[in-house]
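To keep things clear, I will list the structure first and then write my remarks on it.
There are 2 protein chains.
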Amino acid sequence: MAQKKLGKQTVAFSNPPIISSTYSIVGPKEGEGPLAKYFNLILEDEFWGEKTWEKTEAKIVKECIGGCLGNEKVSNDDIDFLFSGDLLNQCVSSSFGIRERNIPYLGLFGACSTFVEGMALGAMTIDGGMADNIVASTSSHFCSAEKQFRFPLELGNQRPPSSQWTVTGSGTALLKSSGTGPKITHATIGKIIDMGIKDANNMGAAMAPAAVDTLYQHFIDTGRTPDYYDLILTGDLGFIGKQITLELMMSRGFDLKSNYNDCGCLIFDRETQDVHSGGSGCGCVATTFCGYIFNQLQEKTFRKVLLCATGALMSPTTAQQNESILGIAHAVSIEV
Amino acid sequence: MAQKKLGKQTVAFSNPPIISSTYSIVGPKEGEGPLAKYFNLILEDEFWGEKTWEKTEAKIVKECIGGCLGNEKVSNDDIDFLFSGDLLNQCVSSSFGIRERNIPYLGLFGACSTFVEGMALGAMTIDGGMADNIVASTSSHFCSAEKQFRFPLELGNQRPPSSQWTVTGSGTALLKSSGTGPKITHATIGKIIDMGIKDANNMGAAMAPAAVDTLYQHFIDTGRTPDYYDLILTGDLGFIGKQITLELMMSRGFDLKSNYNDCGCLIFDRETQDVHSGGSGCGCVATTFCGYIFNQLQEKTFRKVLLCATGALMSPTTAQQNESILGIAHAVSIEV
Numbered sequence: 000m001a002q003k004k005l006g007k008q009t010v011a012f013s014n015p016p017i018i019s020s021t022y023s024i025v026g027p028k029e030g031e032g033p034l035a036k037y038f039n040l041i042l043e044d045e046f047w048g049e050k051t052w053e054k055t056e057a058k059i060v061k062e063c064i065g066g067c068l069g070n071e072k073v074s075n076d077d078i079d080f081l082f083s084g085d086l087l088n089q090c091v092s093s094s095f096g097i098r099e100r101n102i103p104y105l106g107l108f109g110a111c112s113t114f115v116e117g118m119a120l121g122a123m124t125i126d127g128g129m130a131d132n133i134v135a136s137t138s139s140h141f142c143s144a145e146k147q148f149r150f151p152l153e154l155g156n157q158r159p160p161s162s163q164w165t166v167t168g169s170g171t172a173l174l175k176s177s178g179t180g181p182k183i184t185h186a187t188i189g190k191i192i193d194m195g196i197k198d199a200n201n202m203g204a205a206m207a208p209a210a211v212d213t214l215y216q217h218f219i220d221t222g223r224t225p226d227y228y229d230l231i232l233t234g235d236l237g238f239i240g241k242q243i244t245l246e247l248m249m250s251r252g253f254d255l256k257s258n259y260n261d262c263g264c265l266i267f268d269r270e271t272q273d274v275h276s277g278g279s280g281c282g283c284v285a286t287t288f289c290g291y292i293f294n295q296l297q298e299k300t301f302r303k304v305l306l307c308a309t310g311a312l313m314s315p316t317t318a319q320q321n322e323s324i325l326g327i328a329h330a331v332s333i334e335v
Numbered sequence: 000m001a002q003k004k005l006g007k008q009t010v011a012f013s014n015p016p017i018i019s020s021t022y023s024i025v026g027p028k029e030g031e032g033p034l035a036k037y038f039n040l041i042l043e044d045e046f047w048g049e050k051t052w053e054k055t056e057a058k059i060v061k062e063c064i065g066g067c068l069g070n071e072k073v074s075n076d077d078i079d080f081l082f083s084g085d086l087l088n089q090c091v092s093s094s095f096g097i098r099e100r101n102i103p104y105l106g107l108f109g110a111c112s113t114f115v116e117g118m119a120l121g122a123m124t125i126d127g128g129m130a131d132n133i134v135a136s137t138s139s140h141f142c143s144a145e146k147q148f149r150f151p152l153e154l155g156n157q158r159p160p161s162s163q164w165t166v167t168g169s170g171t172a173l174l175k176s177s178g179t180g181p182k183i184t185h186a187t188i189g190k191i192i193d194m195g196i197k198d199a200n201n202m203g204a205a206m207a208p209a210a211v212d213t214l215y216q217h218f219i220d221t222g223r224t225p226d227y228y229d230l231i232l233t234g235d236l237g238f239i240g241k242q243i244t245l246e247l248m249m250s251r252g253f254d255l256k257s258n259y260n261d262c263g264c265l266i267f268d269r270e271t272q273d274v275h276s277g278g279s280g281c282g283c284v285a286t287t288f289c290g291y292i293f294n295q296l297q298e299k300t301f302r303k304v305l306l307c308a309t310g311a312l313m314s315p316t317t318a319q320q321n322e323s324i325l326g327i328a329h330a331v332s333i334e335v
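Chain order of the listed sequences is A and B. The numbering of the first sequence is the numbering used here, which starts it at 0 and goes up by one. The numbering of the second sequence is the numbering used here, which starts it at 0 and goes up by one.
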């Protein structure tokens, strides 16, 4: 077995990369939610001076990476590789958001698992001696996602109770081979899990089995139990998916009740913000981590966090062709 | 600088991963072209028993990976990570093609540069001690690509002379930490290059500057000159893009005339197959490499190959919003 591999799916880093800095930009609705004070920038509207939602999303990516590099006075030339991807067809908010940066770019598609996929691959290249400075980034936008995956907003379509609200926002993390900050100690790479779920308005249920598979495998590979972590956090399962994850993990012998949460349940106020089953989208885990969680790691409120981002691998075309919604989840273990 | 980094964009592997095996599946048109005898499987029609082109493309991915693993009697459990991506929205031919494999999956989006992106990242994880066996895969399908990016085939739309023909096919490579086979010695990761080109029927022109940027940087980073290689091969620039690449490289002081070609110019017969400016799509470089080039490396006709896959980062939405077509190119140096 490869020297840094633990069990089937987990990499244990010998020189754990540092998360040196993060930056987050969110839309107005996220800026009215419970995590508002942790975000670096809250937009006043969903357009930010652009003519289309797609251009806005690309601008959010551009400015979010700029903010992160600006935090540390790091220039584009200092970055070895940039990992990014998003939900738009052909991941265009990433590519158009970074087109002027002149940084070697590795495009990802992991749907809403992309942010952790980027952190995991970035950590691998640093630990492997191939990079010193890595940017991991992702984005989503409520309006561009609704338009592409569901219905035009102008239709005013009703949303079922199991539906989730795509977060408008972007999160960027700067990973370094040395310095101060929380360390990425492990990465657990997920497999595709297909439970045959076809309801595109219940993504939490479609993705929860993938989260369970990756969390379970992480514990088996590392020999850890859930109480090792101060916080186990999934990406965007929402209230329904969170409950399923709790139950399925319990049935596999792991009790997560005391230290488990989901970014989709944290980023909006369920009582007042009318988001039904919670937040979703690549931006959900990225902004929650880059805003709230990174702050709490710096404050040492949390010292050990298992961050598990979940993605739904499907397109409107596969849904129309009666295919199920595939789930995937990648996790990184982060310690102060 | 990171220990394995050469110059700005190139990684030099200290334990170069082996390309242990490849497999290729192509459609009927590719099976009538000059490289026919090198492909493992040639389909009789564009559907292969499926009801939609998207399902066919996913089946091609599935069977191609199966063929590659079957070559070596390697099981799914032996594979550490699978890297794949494609041109379809949300990369669904990859995810649906591998959903039953139970292999940790890292989804990529590099448009037609995806195959080399996967080989480069796979080589990094092997060289970094995080994996022993990696699968890199990609696909494209003429009919699903035309439907998604241009016009329904049923429209019988006329194609301008600068247009290229998307290859139907998939290529899979199995990378190992040890064994026999050609070695991946270097990877040069490309930046996004935006020359403002907006003609979606001239992808070769849009991508050629990215190929030039990556090839140039590879020579600068490694200190090599083009004559180091028996063959320098770009992915899918076609006849127009190949000519632009030759001229732009010459203007930068590198003469590629004697040992440069493009997969889009090799896979079809220009005189008889009516493909205008040549082949394109993720499958173009993947099937040409996994079929023809890998065979020639085994036969030692070529001993040193620089494989540079080019991608156009755009979507129909960005084109409609008057954005330009961004180019990117990644290269790997392969030696027997």
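Ideal placement from N, C-alpha and C gives every residue a C-beta, glycine not left out.
| Asked | Found |
| --- | --- |
| Less than 8 angstroms between the C-beta atoms of S112 of chain B and A318 of chain B, yes or no? | no |
| Identify the continuous beta strand (DSSP E) that holds V10 of chain A and give its terminal residues. | T9 to A11 |
| In three-state DSSP terms, what is E116 of chain A? | helix |
| Determine the chain A residues that contact Y104 of chain B at a beta-carbon separation under 8 angstroms, and present them in chain order. | I188, G189, K190, I191 and I327 |
| Determine the DSSP secondary structure at Y291 of chain B, reduced to helix, strand or coil. | helix |
| Note the first and the last residue of the continuous alpha helix (DSSP H) segment covering L68 of chain A. | W52 to N70 |
| Beta carbon of E334 of chain B, beta carbon of K303 of chain B: below 8 angstroms? | yes |
| Since L173 of chain A is in the beta strand (DSSP E), which residue starts that stretch and which ends it? | G168 to K175 |
| Evaluate Q216 of chain A with the Cβ neighbour count: other Cβ atoms within 10 Å of its Cβ, from every protein chain shown; 16 or more gives buried, anything less gives exposed. | buried |
| Where in the segment 245 to 276 of chain A do unbroken runs of the beta strand (DSSP E), each at least 3 residues long, occur, reported from the N-terminal end onward? | 259 to 261 |
| If we ignore side chains and look at the alpha-carbon of each, how far apart do V10 of chain A and L154 of chain A end up? | 46 angstroms |
| Give the straight-line distance between the Cα atoms of D126 of chain B and I133 of chain B, rounded to the nearest whole angstrom. | 11 angstroms |
| Would you mind reading off the limits of the alpha helix (DSSP H) that contains L30 of chain A? | The question names Leu, but residue 30 of chain A is Gly in the sequence shown. Element bounds for G30 of chain A: P27 to G30. |
| Determine whether the beta carbon atoms of I17 of chain B and G117 of chain B lie at a separation below 8 angstroms. | no |
| Taking its Cβ as the centre, do 16 or more other Cβ atoms sit within 10 Å of Q2 of chain B, making it buried, or is it exposed? | exposed |
| To the nearest angstrom, how far is the alpha carbon of T184 of chain B from that of A330 of chain B? | 11 angstroms |
| Is there a Cβ of chain B sitting closer than 8 angstroms to that of F95 of chain A, yes or no? | yes |
| With 8 angstroms set as the bound, which would you pick, yes or no: does the beta-carbon of C90 of chain B sit closer than that to a beta-carbon of chain A? | yes |
| Do D193 of chain B and K7 of chain B have their beta-carbon atoms positioned less than 8 angstroms apart in this structure? | no |
| I want to know whether the segment 221 to 231 of chain A touches the segment 261 to 276 of chain A - three or more CB-CB distances under 8 angstroms. | no |
| Taking the alpha carbon of A186 of chain A as the point to measure from, which residue in B:M129, B:A110 and B:L236 has its own alpha carbon closest? | B:M129 |
| Check each residue of the segment 19 to 53 of chain B: if its Cβ is closer than 7 angstroms to any Cβ of chain A, include it; give the result in chain order. | T51 and E53 |
| Give the secondary structure of V134 of chain A by DSSP, where H, G and I count as helix, E and B as strand, and everything else as coil. | strand |
| Measure the alpha-carbon distance for C142 of chain A versus I292 of chain A and round it to whole angstroms. | 26 angstroms |
| Over the uninterrupted beta strand (DSSP E) stretch that includes A204 of chain A, give me the two end residues. | From DSSP, A204 of chain A is part of no beta strand (DSSP E) but of the alpha helix (DSSP H) over M202 to T221. |
| From A:G30, A:F114, A:Y37 and A:C283, pick the residue whose C-alpha is nearest to that of V166 of chain A; which is it? | A:C283 |
| Do the CB positions of S23 of chain A and T244 of chain A come within less than 8 angstroms of each other? | no |
| Locate the alpha helix (DSSP H) running through A318 of chain B, then write down its first and last residues. | P315 to Q319 |
| Excluding five sequence neighbours on each side, which residues of the same chain lie with their C-beta closer than 8 angstroms to the C-beta of G66 of chain B? | Y22, I24, N39, L40 and T171 |
| Closest by CA to H140 of chain A, which one among A:G168, A:V115 and A:G109? | A:G168 |
| On the DSSP letters alone, give me the boundaries of the beta strand (DSSP E) that A328 of chain A sits inside. | L325 to E334 |
| What is the rounded straight-line gap between the Cα of D79 of chain A and the Cα of A328 of chain B? | 16 angstroms |
| Since S138 of chain A contacts S92 of chain A with CB under 8 angstroms, what's their CB separation in whole angstroms? | 5 angstroms |
| If we count Cβ pairs, one from each stretch, closer than 8 angstroms, do we get three or more for the segment 87 to 104 of chain A versus the segment 191 to 207 of chain B? | yes |
| Using 10 angstroms around the beta-carbon of L152 of chain A, count the other beta-carbons present and answer buried if the total reaches 16, otherwise exposed. | exposed |
| In its own chain, which residues sit with a C-beta less than 6 angstroms from the C-beta of L105 of chain B, not counting the 5 before and 5 after it? | F80 and F82 |
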